[in-house]
Each structure stands twice: as structure tokens, then as C-alpha cells.
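Numbering (our numbering), first residue to last: 1 to 804.
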């Protein structure tokens, strides 16, 4: 969706329909404001994040699986290639700093809660390095509920049980002008509070009634009189009585009112009768995602009130910001309104080809997206554990991601587009702050200072050589590298060329977890002896966090909580039992790794150790007799089409050509075709997405590994210098048991509440149907299936089904 073009065209039509053409002031005009906003959108685009978790709550010892989605405006973000997820305890300590690569605007990962974890919540913060340059209020935050074996003791109720805010539309109450005043009441735990009451003046005469309309929110009209102060006397649903003073009225000013209509937003602007000159010539600006969509000059010299309409039919769905400026271009009033043109969603087909709700039965979930390229994540859980009551991908990326303040059950406002629901959503707009644009600086071309550059590339190996002269740098040098990963049993040998500035980089080396990198400079001995090598992965350190404990409060019914706790207690006992025992005379047996696991650990680095088809060519008699590796692979991988006619084979998988690697170095098909089968030890066909390939590996990859001398890993030489580098967080593979095959775990009781999790279902126009298999546990009778995701053109999917 090309938002800037749409908005620019709309702006031009609106400008010609302006209320009154205005002159420039201080060299600022509507056109210059448009140019300033376009510069802001181009050079300082705003990212926002949503994180899907596999389930709404967790118990100690369980794994939190997550998938993040990043957007810029109404489009998938192309700004950042790295996303950070911090898990933080109630004392503010970072428990885990997860660093994930972003593929097609999404990143995935996991965090295993310790068995001894005692807190009742975990705070989550998600961000990109680019987002740290701007207002921290717009970082993703969430509170995750942790099920402890014993229910928490009830905390004492604070003296102020219910709080209320009164918020004039446009920002101000102005004397002698009728003003709409919205209010929002919440209990001490952040839940909405129904309230009722009235507003009284200095003489204790009632001037307005107060009554909640929806989720603690409501509105009333008030015409403030000169010298009067106003007090609200109200009662909450607990029977408590309160008195709250309303904001003081201004003697002079501007009042803005915005009324939602089907294809427009009508507005009225009214000034005080005694308004000074700067309030008699005004400007109205409507902006969306840092793009100007409407601008007009307003002449109130001869009349105190005027009005108009902003067309919104062609706009993307999201928040529209309407701002009134005085003649000096100082913002005087502001109002946000939500545009729901129902142009934001797509609905993949989700169903079961095979359904088994009995104990340990097989299920086949089918997802189909027609001719749409999309990035999806899938969670199947026990329906008895409840749902996440905070948000979903639609409400986060279209609504709450652009708001300051908490919205209760934001996904509720996207159930339909009825008049009633839109009126309720407008109350949300009236009671939440939005200050994404610093008008005072932006319209005068004063922009934010950038402290953190965006991470436009993946975290590859890079650095700089210090201590060399310009003459030595001109002669050049090669940096020889031996990379030993903490999870790897062998070493990788790589190289990087040092340029004339002393910098080096190898974009093909993407590191996971912690690696020890041994290095040696070659090509010029004096260069090597006088130089120091520093490596830089540019990772962002975890940031401190201050949490509102009422934010995104997890709410559930008692029956759901008890069911979840019962399963958690039993699973905790099983987990502790599996950890082992300290009793004497107990023989603890460990599982022997399969030959294929040993082979994979020996040859494949962590980047290449993901999901894939594995072939032990050395032990396969057909491997020695095949003419080439492509002939060997024919018919062995479902969907992999290989044609070996001609000098260069044709290879397609899932609608495209997979990436090729020779000992984890990018190669082409003709090169792999020429490798003698007697030299090949191991072949791996990696399912998409494969982050190690250029472009994200949407069609997977084929990796060829040749035999090593004596099949013994090389050990770095004694005394060789090294540096320890941290890369992307290691990602586990979701465990899904196969009850068609017996294993030693089959005798243990299966109490998994997450039955299936797949964070990277990538569809293309040709590869658009996925069949995902999983087995039921021992207790679940109803499944909850949640599919969320984003298309390449920014449409959002949220599908939720309960299967019985």
C-alpha cells in the first residue's frame, strides 16, 4: 500500500477545497508544513511492534514462545533487520535479552522460565535499535501472567480505589463556549470502573450529568461561565463516593469538535468573542502516519465559528490527527479520530483435514492463503486455559501502537464496524493521548537527533583493524578467522578482506549465541605485528524498564485459573522428576544422540542447525554410486524438483530456487554439480525461511559438507589471539511428540497446554497451502487455534477458532 501517494493526492484535493486561503506566516505555510512532514516521514519513519505469544499464561519451567511483527505506518517495516525482546522480573532485572533476526518484517524466539521462578508476572519489552531514538512510550510493553503452584495472597486495596480523568475535546475548556468533556474511570488494578454522578458549579448547582457509556468511559457537554470552577461528584460501582475538580476553564481560546461520519470527519472550530489577533486567523492540519492529508486556512476575523469536513474514504485504516494552529503556527487544539475503512485485513483459510480430540490423537491443520505472500504464526492451545485479554495483531498495529495510555480490550473495537462500536471507539480517541509529532520543531524543520542508526543489515561479522599506517593499509591484508561456537563441536574457517580504512566485513557469516573467534592477519608481516583487531556486532544492550503494573493486566475467570493451575502443578512435579534425583543407588541414564545428531553437530554451525532433511552420504551406499549430489537428492525431499539435463541442473522448491552452500559458503548449482560424491560427507536441505541466505531464504537452502581430514575437527593453534562475540539468540525448535513412534517419553503423562507452535509459516502466491501435523495431549478436549500474520502489502490477519 503506497500511503504517501494516496495521502499526497488527497491533500491536493483538500487544499483546493480549503475553507479560506491563508497567507504565509513567518515563512511557514501549509505547503511548507506538508514538506516538513514528508521529510519527517522519509528520514524519521516510526516503527511499531506487536508480539504474539503461544498462550496467555505460563508456569515455571515452561517455554515462552513468541513471534514479533514490525510495521512502519501501514506497511511492513523495511528499516530494521534485528529486533530485541527483553524479559524482566518485578525487581527490574533483565532475565533474558533476546536478539532475533527479522525476516519479512517478523522475528521469532523463545525464553525458558526457570523451574524456581517465583514472580507472578514477567514484563516484556520489545523494540528495535531505531525505535530507541524516539519516545519510549511507543515501545512494545506487555505483562505476562505466571501461574504459581499456590494462589497469590490478596494485596491490600489502596485508599483510592477508583481514579477518574476529565479530558476536554481538543485539549481545553474555554469560557462561554460549549465544550465536550470526556472521562475515563478505572479501578486500582487498571480495569474499567462504571461510575455515575453530576458536575456542580461554585453555587453547588448541577450543570451536567455523569454516566459511564462503555468500559469506564463517557462524555458530557459543559459551557463554563466566567469565574466559575466546577467539581464532579460521583460514585463507583463499589459504592464509594468521590469529588474531583474539572480542569480550569480558560478566559480565551479555541475549541475544536470532530464528529465521525461515514466517509468524512466533520469539524467545527470556535474562538472566544474577545479572542486576540493570533486566534482570528487559524490553520487546520490533518495528518496520518506523519503524512499530511488535509490542510486549510481558517479566517475567524468576522465570525467566531466555522466548520468543514475532511474526506477519509481513501485513507488507510488508523489514527488521524487533527491539529489547530494559530496565526503564528503554534498548536492550540488537537484531536485524534480513528478511521476504519476495513481495508486492513486478509483472512487465510484455516481448517482441519484430520481432527483428533481424544488422547494423543493425530491432527492435521491446513492453512491456505490463495495467491498472497504472507508471514504467519500459528498457535494451538488447550482451550481451557483461556485467551489473552490484552490485544492482538490488528488492535496493536492499528490502534494501541500509536497511543499513549492503556486501552482495555482493544481488539473489541475491530469485531465489526457498527455505529455503536464506532461511537465507543471515539470515546477511546477522546480519552487517550497521542503526541507522535513535535509540532513546534517539526514545522520549523528541526528534527530529532539520531543516536542509534537503524540496523539495515543482519548481524554479520565485521570490525576494524587499528594501529596500521596508511601505507600498510594501501598494501592490503587478509584476516584469517577460526570460528568456534559454544554450541558447536567443530570449527569454521573463514576470511575477510581488510579495506584501506582498516574495516572488514563478511556478510556471509551470521553468528548465533556466543562464538570464540581466533584471528590472524596475513599479507604484510609488519601490518600484522603492529595491529589490533576489534570485532563489532553492533548489538544493543538491554535497556532499563519502568513498568506500570496495571498495564495490559491479564484477566481471566476463576474456573480457567483453577484449571490452568492444576495442570501447572502436575507438570511442575513431572519437570522436577525429569531433572533427576539425589537419592543414592539410583542409576541415571542419559539418551544417546542419534548418528544423524552427531553428524549435524559435527558439520553444521548453529546458523545451519535448523529444521531440515539430513543425509549421511558417507554411510549411504547410493551416495558413493550417484553421479552428482543433485542426482542423489532426486526423489528424497518432498516437493524438491530437480532436473539434471544439461551442464547446470534446475532446482526448484516451494515455488522458487533454494540457496546453495558449499561448506556454508554461498555457491551456485553448477559448482555443487561438479563436486565428487566421494568428497561429500553430509548434505542438508533446510526448510524455509533460512536466514543465512541472501534475501532471507524464502525457498530454503541446500548445504553440502565435504569430508574433513581424518574427520577430526581442527583446533586453533596455541597462542593465537581471539575475541568472544555474541550473536543472535539461539532459537530452540518447538517439541511436538510423534505418538506413532514409541519413545522413552511416551510413558510420561502429557500435559502440554501448547499443542503446536509454528512461528514462520511463509506463503507465496504459488506455495500457499500448508499442512501442519501435531498430536493431542492426554487431557485436552477442545483446541484453540490462533493464526496471526502480515502480508507483503501490510494487510493483517487474526483468525481465532475453538475446535471441539
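In this text, a Cβ means the ideal position worked out from N, Cα and C, and glycines have one as well. On a predicted model such as this, the values are computed, not experimentally measured, just so you know.
Cα-Cα separation between residue i and residue j, rounded to whole angstroms
i	j	result
residue 680	residue 637	18 Å
residue 207	residue 411	35 Å
residue 698	residue 689	5 Å
residue 407	residue 57	20 Å
residue 845	residue 295	An answer regarding residue 845 cannot be provided, because it is not within the stretch 1 to 804 covered by the chain.
residue 626	residue 686	21 Å
residue 479	residue 722	12 Å
residue 248	residue 173	7 Å
residue 292	residue 282	17 Å
residue 15	residue 31	In this prediction, residue 15 has a pLDDT of 42, which is less than 50 and means its spatial position is unreliable; what the coordinates show is noted afterwards. Near 9 Å, if we compare the C-alpha coordinates of residue 31 and residue 15.
residue 792	residue 237	47 Å
residue 81	residue 102	5 Å
residue 226	residue 300	22 Å
residue 284	residue 268	11 Å
residue 200	residue 167	17 Å
residue 635	residue 682	17 Å
Local conformation of residue i per DSSP, three classes
i	result
residue 773	strand
residue 799	strand
residue 401	helix
residue 499	coil
residue 564	helix
residue 694	helix
residue 383	helix
residue 519	strand
residue 296	strand
residue 274	coil
residue 606	helix
residue 569	helix
residue 318	strand
Own chain partners of residue i with C-beta closer than 6 Å, once the 5 adjacent residues on each side are dropped
i	result
residue 532	466, 467
residue 803	783
residue 54	65, 379, 754, 757
residue 332	254, 324, 326
residue 110	63, 65, 732
residue 361	776
residue 349	368
residue 77	47, 70, 71, 105
residue 801	785
Host beta strand (DSSP E) of residue i (start-end)
i	result
residue 354	349-354
residue 241	241-245
residue 234	231-236
residue 440	Not the beta strand (DSSP E): residue 440 falls in the alpha helix (DSSP H), residues 439-442.
residue 86	82-88
residue 481	477-485
Span of the alpha helix (DSSP H), counted from its first residue to its last, around residue i
i	result
residue 95	Segment 94-101 is the beta strand (DSSP E) holding residue 95; no alpha helix (DSSP H) there.
residue 596	595-603
residue 423	419-430
residue 670	669-673
residue 37	30-43
residue 631	629-633
residue 120	It is not in any alpha helix (DSSP H) - residue 120 carries neither H nor E in the DSSP assignment.
Test item: CB-CB of residue i and residue j under 8 Å
i	j	result
residue 259	residue 288	no
residue 447	residue 734	no
residue 701	residue 693	yes
residue 764	residue 695	no
residue 786	residue 563	no
residue 431	residue 182	yes
residue 459	residue 727	yes
residue 729	residue 99	yes
residue 774	residue 761	no
residue 59	residue 571	yes
Neighbourhood of residue i by C-beta, 7 Å cutoff - its chain only, sequence neighbours within 5 removed
i	result
residue 197	210, 232, 233, 234, 235
residue 798	392, 393, 394, 788
residue 178	221, 223
residue 202	228, 229
residue 612	684, 685, 686, 687
Cβ neighbours of residue i in the same chain (closer than 8 Å, five flanking residues each side left out)
i	result
residue 535	461, 462, 463, 517, 723, 725
residue 455	80, 81, 82, 128, 129, 130, 538
residue 161	187, 188, 236, 238, 240
residue 405	431, 432, 433
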